[in-house]
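Residue numbers (our numbering), protein chains in the order written: chain A, 1 to 360; chain B, 361 to 616; chain C, 617 to 915. Report on the structure given below.
What follows is the structure, encoded as structure tokens:
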């Protein structure tokens, strides 16, 4: 890519980010809280989907530990951002650990700590199990997610056990959510287009050959895994400060499955695919709530079926993997070039239609 | 001093002895061949040298340093690169990217530097791309550099695998059946190619091959393996006339 | 801990272990033949329990009839799952990850459909009188069920081992799991063998599920989830693809879990984590499992 082309691309990206910024400014001030919440969830799910896509899509590892890392991030942020009085109220069954009680930090610090702690645990857990192949790694990471849930339920003085934490300050807003999402997107784009990104993809394509080309599997897999855990931790933290209430049962494998669906739907190995699928699915999940309450079509009322949302989801997952096995984008990205070419083709088609005489 | 010394390596898988007391002395600039019937243990010997299997007994010594049992990526960093019998390219990556991966092992910038596009990384990336393009030109694959590796015809895939191995800047190149599936003209080109890269990149080459025309035409020294045992070694003329080799492998005069 | 108490715990552990073993066999057989972790296997247990529940509750069948029908229905469900969600991917030579994702999707689907159809609230599993009795011998009381379960498991195991090792069908199953392509070339109807594997695995899981319902009479749509995970771990611990291994793994996990809670009641909250810790340990130190064989990858 020549320097001019690179400058052009940077300008276009800055343009997109500015547009996004304007949109968020408008949204934060004008939309109702329900819609804002959905947009926040979109941002969080984009981060989570990219986190899972990094390991599963780009590096070829099958990790199912997202929910576990989210839990770590969520609890870290909650403990760091809740003022001591609120903590006091929460820990009425047994008093909280004194050191943790007095910990308090601004949101940015809480977010970073959430990510770092999740990454650290990710590395510790990952180190022994990363050499496992596909299926085994899936079960091991799934198991780890379960263990985290069990541990958090049993550490009353740290996490308040099964009671969970309430009253977490709601710091998450569209600015936080989307700036972090944009940072994640930009960071991953540069990382994955760099030599390290190529190393990840090489590991995905053929581990043995990658190793024979001098790529240290343990280092690179741990790197991908740790970054992925970091992002999931940040996502969990944003979640905690959005929902204001968390408990160990929230972060079950159900959540990981949903993120997995977003990754598969968007295309394993496509950043733009993940952005699209996370947004589409988050909105769809809310829209589908309609299925769970009665639909009044005027002449007939369809009774709501609770739980139907999830049934539809699982059908989508199976259908995508059976029929659309590369997801929306496969391994390709929606680049400015493809967009421009598509627009050009559309314009020239229209031009032809206007100039062709109608046939008799 | 010998560049590579393989001393008495024996490789056993459970009760099966795949390779027994294998010895090799490679000197800088040599092209040495390893031949033998299928299942003789040739690729296993390769795998022991490159670190995929740890030999049950014996040592592998590179430039005086014991590399026995080191991880494959470490051995590649120390200067031994290889190709595979069943071509193992990164099929979904482009030709350019395949060879670029070969440069990754010597990268000095950290992942953070790469993500932040720090000047040190930009310089390194630029250099890697330049060297890759040079390499592709010298193996005549520059016209397909953006094609997916998996979509190339067989002969080009083999060249690409060799180019990728060359990108790791090895001292020794291990080729596993580079002429497999080639017609007489292609094998002739391959012979010239091997000698060319040996000279241009200052390599030492150790190759497994069944194509007798290629082996006899390009190797200065040949080892013959049968059921894991080295039954003969010597110059091409010596090997061609060795009774044991003829019985076990070469058989009656045919076009290989 | 008194001797009597210990024996009771031991028996309890053996009966739980037997249940785990039955279900683990299904995992190991399927993995052995098509290298897939059938995530949906655990949910089969749930279905079997519900089939019996509705057979007795809705259709007023005698319990034994409901049980038999449930086993048949569950086995058929297993075959349907294979044909609908796994076979299309196998024939397209899809990457293994796609198969795994499909399995997860099926598992998810069953769980959610069950929630919708059966309702999320726990229901009481009906158990006939014979299973409620208790044997008393010298200060030790052992529930009938804790003796019946291991016996049923042992009988089924013997039958299965006979089938796999001494019959022609069993030989084709073993051939397929050793080398699918060669088995095809030898004229074995591979699809039929795979369906049979799913059938047997699901039937065994159904029996496991029904006995589970007898042992833990509160059933709800997610009762299969945790046992499902643990039984896969049991299969891995014993050596995936190895039927006696699955039994060893199941017994180890079942006994271990019960004895952990018995001797260290303070850690009882970590009961579920026990299996996962064993998994990590096995994968680190003996990844092929206790009875497993090393499969070398040809480079």
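No residue lacks a Cβ here, since even glycine has one placed at the ideal position from N, Cα and C. The structure displayed is predicted, hence computed values, not measured ones.
For the alpha helix (DSSP H) containing residue i, list its first residue and its last residue.
i             : result
residue 458/B : 455-463
residue 66/A  : 66-81
residue 552/B : 544-560
residue 150/A : 134-154
residue 489/B : 479-498
residue 388/B : It is not in any alpha helix (DSSP H) - residue 388/B carries neither H nor E in the DSSP assignment.
residue 869/C : 859-879
residue 635/C : 619-650
residue 582/B : Residue 582/B -> not in any alpha helix (DSSP H); beta strand (DSSP E) instead, spanning 581-586.
Less than 9 Å between the C-beta atoms of residue i and residue j, yes or no?
i             : j             : result
residue 363/B : residue 564/B : yes
residue 669/C : residue 822/C : no
residue 523/B : residue 584/B : no
residue 118/A : residue 58/A  : no
residue 110/A : residue 202/A : no
residue 786/C : residue 858/C : no
residue 539/B : residue 574/B : yes
residue 621/C : residue 831/C : no
residue 720/C : residue 257/A : yes
residue 272/A : residue 476/B : no
Compute the Euclidean distance between the alpha carbons of residue i and residue j, then round it to the nearest angstrom.
i             : j             : result
residue 340/A : residue 577/B : 54 Å
residue 534/B : residue 444/B : 9 Å
residue 520/B : residue 549/B : 15 Å
residue 571/B : residue 392/B : 14 Å
residue 598/B : residue 131/A : 46 Å
residue 140/A : residue 653/C : 12 Å
residue 427/B : residue 366/B : 10 Å
residue 255/A : residue 658/C : 19 Å
residue 626/C : residue 872/C : 10 Å
residue 334/A : residue 457/B : 20 Å
residue 513/B : residue 541/B : 12 Å
residue 65/A  : residue 104/A : 28 Å
residue 790/C : residue 123/A : 39 Å
residue 270/A : residue 183/A : 17 Å
residue 411/B : residue 453/B : 25 Å
residue 690/C : residue 663/C : 7 Å
Name the two residues that bound the continuous beta strand (DSSP E) containing residue i.
i             : result
residue 593/B : 589-594
residue 757/C : 756-759
residue 637/B : Nothing can be reported for residue 637/B, as the shown portion of chain B is limited to 361 through 616.
residue 442/B : 440-442
residue 708/C : Residue 708/C -> no beta strand (DSSP E), and no H or E assigned at all.
residue 369/B : 364-373
residue 794/C : That residue, residue 794/C, is in no beta strand (DSSP E); its alpha helix (DSSP H) goes 784-794.
residue 752/C : 750-753
residue 564/B : 564-568
Chain F beta carbons: is any one of them nearer than 9 Å to that of residue i?
i             : result
residue 795/C : Here chain F cannot be found, since the structure's protein chains are A, B and C.
>> Output needed in chain order: residues of the stretch 114-135 of chain A with a Cβ under 8 Å from some Cβ in chain C.
In response: Under the 8 Å Cβ criterion, the stretch 114-135 of chain A contributes 128, 129, 132, 134 and 135.
> Which residues, in chain order, does the stretch 677-709 of chain C contribute to contact with chain A at a C-beta distance below 9 Å?
Replying inline: The residues in question are 700, 701, 704, 705 and 708.
> Is there contact between the stretch 843-855 of chain C and the stretch 864-878 of chain C, where contact requires at least three CB pairs shorter than 8 Å?
Replying inline: In short, these stretches touch, since the Cβ pair count reaches three.
> Quick check: the stretch 805-820 of chain C against the stretch 684-698 of chain C, are there 3 or more CB pairs under 8 Å?
Replying inline: Touching, per the Cβ criterion.
> Using a beta-carbon distance cut-off of less than 8 Å, what residues from the stretch 147-171 of chain A approach chain C?
Replying inline: 147, 150, 151, 153 and 154
>> Quick test of the definition: if touching needs 3 or more C-beta pairs under 8 Å, does the stretch 703-712 of chain C touch the stretch 312-328 of chain A?
In response: yes
> Any chance the stretch 458-466 of chain B sits against the stretch 193-212 of chain A, with 3 or more Cβ pairs inside 8 Å?
Replying inline: Segments in contact, yes.
> Can you list, in chain order, the residues of the stretch 195-226 of chain A whose Cβ is nearer than 7 Å to any Cβ on chain C?
Replying inline: 208
> Given 8 Å as the limit, is there contact between the stretch 836-851 of chain C and the stretch 776-789 of chain C, that is, 3 or more CB pairs closer than that?
Replying inline: In short, these stretches do not touch, since the Cβ pair count stays below three.
> When you check each C-beta in the stretch 868-887 of chain C against every C-beta of chain A, which residues fall closer than 8 Å?
Replying inline: 885 and 886
> Using 8 Å as the threshold, is the stretch 820-839 of chain C in touch with the stretch 680-689 of chain C, meaning 3 or more CB pairs across them?
Replying inline: yes
> Is the number of C-beta pairs between the stretch 276-291 of chain A and the stretch 46-63 of chain A that are closer than 8 Å three or more?
Replying inline: yes
> Is there contact here, the stretch 430-444 of chain B with the stretch 205-221 of chain A, by at least three beta-carbon pairs under 8 Å?
Replying inline: yes
> Any chance the stretch 218-230 of chain A sits against the stretch 6-24 of chain A, with 3 or more Cβ pairs inside 8 Å?
Replying inline: no
>> Quick test of the definition: if touching needs 3 or more C-beta pairs under 8 Å, does the stretch 262-274 of chain A touch the stretch 95-104 of chain A?
In response: no
> Which residues, in order along the stretch 728-743 of chain C, keep a beta-carbon less than 8 Å from a beta-carbon of chain A?
Replying inline: 728, 729, 731, 732 and 736
>> Under 8 Å, CB to CB, which of the residues in the stretch 313-328 of chain A have a partner in chain C?
In response: Per Cβ criterion, the list reads 313, 314, 315, 317, 318, 321, 322 and 325.
>> Any contact between the stretch 76-91 of chain A and the stretch 161-181 of chain A? By contact I mean 3 or more CB pairs, one from each, below 8 Å.
In response: Contact check between the stretch 76-91 of chain A and the stretch 161-181 of chain A: three or more CB pairs, one atom from each, fall below 8 Å, which counts as touching.
> Which of the residues in the stretch 449-462 of chain B, read from start to end, lie with their CB under 9 Å from any CB of chain A?
Replying inline: Hits within the stretch, in order: 449, 450, 451, 452, 453, 457, 458, 460, 461 and 462.
> Closer than 7 Å, Cβ to any Cβ of chain A: which residues of the stretch 522-533 of chain B, in chain order?
Replying inline: 524 and 528
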